[in-house]
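Peer 1:
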Amino acid sequence: MENKKVLEIKELMKNDLVDSVDMNKLNDLKVKYLGKKGLITLLNSEIKNIPNEEKKEFGMMVNELRNDFNNYYENKKQELESALLNEKLSKEAIDITLPSKKIKRGSLNPMTRITEEFEDLFVSMGYTVFEGPELESDENCFQKLNLPKGHPARDAQDTFYLKDEVENYLLRSQTSTAQVRAMEENIDKGPIRIVCPGKVYRRDEDATHSHQFMQIEGLVIDKNISMADLKGTLEVMMKHVLGEKTEVRFRPSYFPFTEPSVEVDVTCFKCGGKGCNLCKDTGWIEVLGAGMVHPDVLTMSGYDPNVYQGFAFGTGLDRMAMFKYGIPDIRTIYGNDLRFINQFDRKDDE
Ligand code: DAH
Numbered sequence: 004m005e006n007k008k009v010l011e012i013k014e015l016m017k018n019d020l021v022d023s024v025d026m027n028k029l030n031d032l033k034v035k036y037l038g039k040k041g042l043i044t045l046l047n048s049e050i051k052n053i054p055n056e057e058k059k060e061f062g063m064m065v066n067e068l069r070n071d072f073n074n075y076y077e078n079k080k081q082e083l084e085s086a087l088l089n090e091k092l093s094k095e096a097i098d099i100t101l102p103s104k105k106i107k108r109g110s111l112n113p114m115t116r117i118t119e120e121f122e123d124l125f126v127s128m129g130y131t132v133f134e135g136p137e138l139e140s141d142e143n144c145f146q147k148l149n150l151p152k153g154h155p156a157r158d159a160q161d162t163f164y165l166k167d168e169v170e171n172y173l174l175r176s177q178t179s180t181a182q183v184r185a186m187e188e189n190i191d192k193g194p195i196r197i198v199c200p201g202k203v204y205r206r207d208e209d210a211t212h213s214h215q216f217m218q219i220e221g222l223v224i225d226k227n228i229s230m231a232d233l234k235g236t237l238e239v240m241m242k243h244v245l246g247e248k249t250e251v252r253f254r255p256s257y258f259p260f261t262e263p264s265v266e267v268d269v270t271c272f273k274c275g276g277k278g279c280n281l282c283k284d285t286g287w288i289e290v291l292g293a294g295m296v297h298p299d300v301l302t303m304s305g306y307d308p309n310v311y312q313g314f315a316f317g318t319g320l321d322r323m324a325m326f327k328y329g330i331p332d333i334r335t336i337y338g339n340d341l342r343f344i345n346q347f348d349r350k351d352d353e
């Protein structure tokens, strides 16, 4: 009689389980069969009404029923969960054809930009980038460049000396000091072709002069170097930086470490040479100093001027950046104001 009840519940359970199409229904069934008042649970309390000889069989049937339910429950649960996961995964499929979110790239300081522009050009012409220290000896910065102590041309570079070194060391006032270092490091190693960009220091401060600024120095030492090589090089350089239409002219000048020396002008990039307020109606703008390395400078650094010649040039990178990017006040370059720097944001094609 009681066994019949077990069979009935078994039958009912079979039908119910077919309907358990989602987790909610499945859990409802768990309550219905195995909950506190669940059909299978209640069967346990019937055991006391069952004659002793049938108890064992009844017990086994109830256990079997409970195991059936549990097995079914576990399998179905796994099946439903993995179906759910698959559905989620297929919905969340990543569309790799969608354009990605733009990541804002930082800006390069205009000085870094212009320095890289010069370096790239010169490296492409076989030069190496040479770096010298910012703390330099008076000997390298001046004496070996033909500016002995007391030379009046030192006044133009009134600079920062270190007191306790008996004024023999200073923050370099010109990258021309790299000429001395490059020559002395390369004696007997063949021709020299270097550019040296870097910081220099002078006791200056106004809209177009800062106590710290940047120069780039160029030096070529070889046999059979002439002023034509210098002019050709500077033409390539200025066209690269300021545009193909730029023309270059030499004016005689004086620097203690070059002979002959020239001041180099370029056609005004604002008016194209017609005359405007930037070029003070001359059509030309002065951009750098240059010349043939003075025989005494070659000799002092160990080169025989009868065998070797060279040219050198030096220019202010800040000045170049100011021209190129239209920056009116040199101090903004070093001011760390983001409104200024952000104007140099990299474009995607850079
Ligand atoms: N050093 C010079 C200055 O700071 C610039 C210069 C002039 C460099 C002539 C040179 C040069 O190499 O040949 O004013």
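Take this note's numbering: the final residue in the sequence shown is number 353, and no numbers are missing along the way.
Quick reminder that beta carbons are idealized off the backbone N, C-alpha and C, glycines included.
(1) Under 7 Å Cβ to Cβ from Lys40, same chain only, skipping five residues before and after it: list those, please.
(2) Taking the C-alpha atoms as reference points, what is the distance between Cys274 and Lys283?
(3) Could you give the distance in angstroms between the alpha-carbon of Ile330 and the alpha-carbon of Glu266?
(4) Based on DSSP bridge pairs, tell me the residues matched to His212.
(5) Let me know if Asp268 comes out buried or exposed under the rule of 16 or more other beta-carbons within 10 Å of its beta-carbon.
(6) In the DSSP output, which residue or residues are listed as bridge partners for Arg254?
(7) Buried or exposed: where does Gly109 fall if 16 or more other Cβ atoms within 10 Å of its Cβ makes it buried?
(8) Would you say the stretch 285-293 touches the stretch 191-206, given that touching needs at least three Cβ pairs under 8 Å?
(9) Going by alpha carbons, who is nearest to Cys144 out of Lys33, Val132, Thr131, Phe163?
(10) For the stretch 302-320 and the stretch 218-231, state whether three or more C-beta atom pairs, one from each stretch, are separated by less than 8 Å.
(11) Taking the alpha-carbon positions, what's the Pro354 to Thr115 distance?
(12) Using only the alpha-carbon positions, how far apart do Ser103 and Ile97 sit?
(13) Determine the direct distance from the alpha carbon of Leu111 to that of Pro259, and round the result to whole angstroms.
(14) Is the beta carbon of Gly338 less than 9 Å from the beta carbon of Ile224?
(15) With the cut-off set at 9 Å, would you say Val296 and Lys226 are in Cβ contact?
(16) Quickly, what does DSSP pair Val223 with across the bridge? List them, please.
(17) Arg157 to Glu250, Cα distance in whole Å?
(18) Under 8 Å by Cβ, that's how I've got Arg196 and Gly129 pegged, so tell me the actual separation to the nearest angstrom.
(19) Buried or exposed: which applies to Gln81, given that a residue is buried once 16 or more other Cβ atoms fall within 10 Å of its Cβ?
(20) Let me make sure I understand the geometry here. Which of Phe272, Gly193, Ile43, Val24 has the alpha-carbon closest to that of Glu14?
(21) Measure the C-alpha to C-alpha separation of Val132 and Pro194 and round it to an integer number of angstroms.
(22) Where does Arg175 land, buried or exposed, given buried means 16+ other C-beta within 10 angstroms?
(23) Please state whether the Cβ-Cβ distance between Thr261 and Pro200 is less than 9 Å.
(24) Would Lys8 and Leu37 qualify as a contact pair, given that the criterion is a beta-carbon distance under 9 Å?
(25) Would you call the stretch 17-31 in contact with the stretch 48-60, where contact means no fewer than 3 C-beta pairs closer than 8 Å?
(26) Taking the straight line between their C-alpha atoms, what separation do you get for Ser304 and Ala293?
(27) Who pairs with Val132 in a beta bridge, going by DSSP?
(28) Once the 5 residues before and after Met26 are set aside, which same chain residues still bring their CB inside 6 Å of it?
(29) Roughly how many angstroms separate the alpha carbons of Thr236 and Arg334, rounded to a whole number?
(30) Am I right that Val300 and Leu148 are in contact with their C-beta atoms under 8 Å? What's the rounded C-beta distance?
(31) DSSP three-state label for Ile43, please.
(32) Please classify Asp332: does DSSP put it in a helix, a strand, or coil?
(33) Is any non-hydrogen atom of the ligand DAH found closer than 8 Å to the C-beta of Leu174, if you look at the structure I gave you?
Peer 2: Taking the definition as stated:
(1) Taken in chain order, the list of residues that qualify is empty.
(2) 11 Å
(3) 23 Å
(4) Asp209
(5) buried
(6) Glu266
(7) Counting of Cβ neighbours within 10 angstroms places Gly109 among the exposed residues, the total staying below 16.
(8) no
(9) Phe163
(10) Touching, per the Cβ criterion.
(11) Since the first residue shown for the chain is 4 and the last is 353, residue 354 is missing from the structure and cannot be characterised.
(12) 12 Å
(13) 36 Å
(14) When the beta-carbon positions are compared, Gly338 and Ile224 stay at least 9 Å from each other.
(15) no
(16) Listed as beta-bridge partners of Val223 by DSSP are Arg196, Phe314.
(17) 31 Å
(18) Between Arg196 and Gly129 a beta carbon distance of about 6 Å is seen, short of the 8 Å cut, so the two are scored as contacting.
(19) exposed
(20) Checked all of Phe272, Gly193, Ile43, Val24; the closest Cα to Glu14 is Ile43.
(21) 14 Å
(22) buried
(23) no
(24) no
(25) no
(26) So the two alpha carbons sit approximately 19 Å from each other.
(27) Val198
(28) Excluding positions up to five away in sequence, the list reads Leu83.
(29) 30 Å
(30) 6 Å
(31) In this structure, Ile43 counts as helix in the three-state DSSP scheme.
(32) coil
(33) no
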